[in-house]
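First the structure, in the form of structure tokens, and then the observations on it.
Numbering (the working numbering), first residue to last: 188 to 376.
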């Protein structure tokens, strides 16, 4: 991303990386999934988190929005606005908390995990659950225990995968290819 006269523009490389992350998200969420009705076990949200961390909150939010809408179209679902907001939050919240990711690698890892946990609470437990209850007719007290178990199992997995990808050489490669190389976590860790 380049800033030009206080106006944000995305170059072709950034758009290509975002498109790849959106495609990976759709494949992981819609095809590589354990779908149990109101519970869905998948790791696709990590792609949206990484989009936000690599390219900022706007790109992360756009990635979540497009991934959710395209995924709904491909599966034949109606778009649930609560779940769409949850998908957007996966890209926005970690990116907004990204400036707090400073210090040594241990502190950076802890702060990344905190941002993923906060996002997971907002997205999984609040917005997605609200969408299932309000628009899909599930009973809150019938699905809440299972959703809490799903959250407790998936959140550490999201944290581990996010940290592995963020601290991998892939992040440095993407940032140098898109002009953000000086901010690379590999260079500052």
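Backbone N, C-alpha and C fix where the C-beta goes; we use that ideal spot for every residue, glycine too.
CB of residue i within 9 angstroms of CB of residue j, strictly
| i | j | result |
| --- | --- | --- |
| residue 411 | residue 254 | With the chain covering 188 to 376 only, the question about residue 411 has no answer from this structure. |
| residue 364 | residue 204 | yes |
| residue 342 | residue 311 | yes |
| residue 230 | residue 353 | no |
| residue 288 | residue 307 | no |
| residue 224 | residue 277 | no |
| residue 345 | residue 233 | yes |
| residue 350 | residue 299 | yes |
| residue 327 | residue 336 | no |
| residue 227 | residue 219 | no |
| residue 217 | residue 261 | yes |
Of the residues the options, the one placed nearest residue i, counting alpha carbons only
| i | options | result |
| --- | --- | --- |
| residue 246 | 352, 295, 293 and 198 | 198 |
| residue 181 | 259, 251, 302 and 347 | Residue 181 lies beyond the residue range present for the chain, which begins at 188 and ends at 376; the question has no answer from this structure. |
| residue 322 | 202, 207, 256 and 267 | 267 |
| residue 256 | 286, 279, 296 and 212 | 212 |
Residue i CB to nearest heavy atom of the ligand GTP below 8 angstroms
| i | result |
| --- | --- |
| residue 306 | With respect to the ligand GTP, the structure shown offers nothing to examine, as it has no ligands at all. |
Supposed close pair residue i, residue j - CB separation, criterion 8 angstroms
| i | j | result |
| --- | --- | --- |
| residue 282 | residue 244 | 4 angstroms |
| residue 318 | residue 275 | 13 angstroms between Cβ atoms; not a contact. |
| residue 280 | residue 249 | Not quite, the Cβ-Cβ distance comes to about 14 angstroms (not below 8 angstroms), so this is no contact. |
>> Give the list of continuous alpha helix (DSSP H) stretches no shorter than 4 residues that lie fully inside the stretch 282-331.
In response: 292-307 and 316-321
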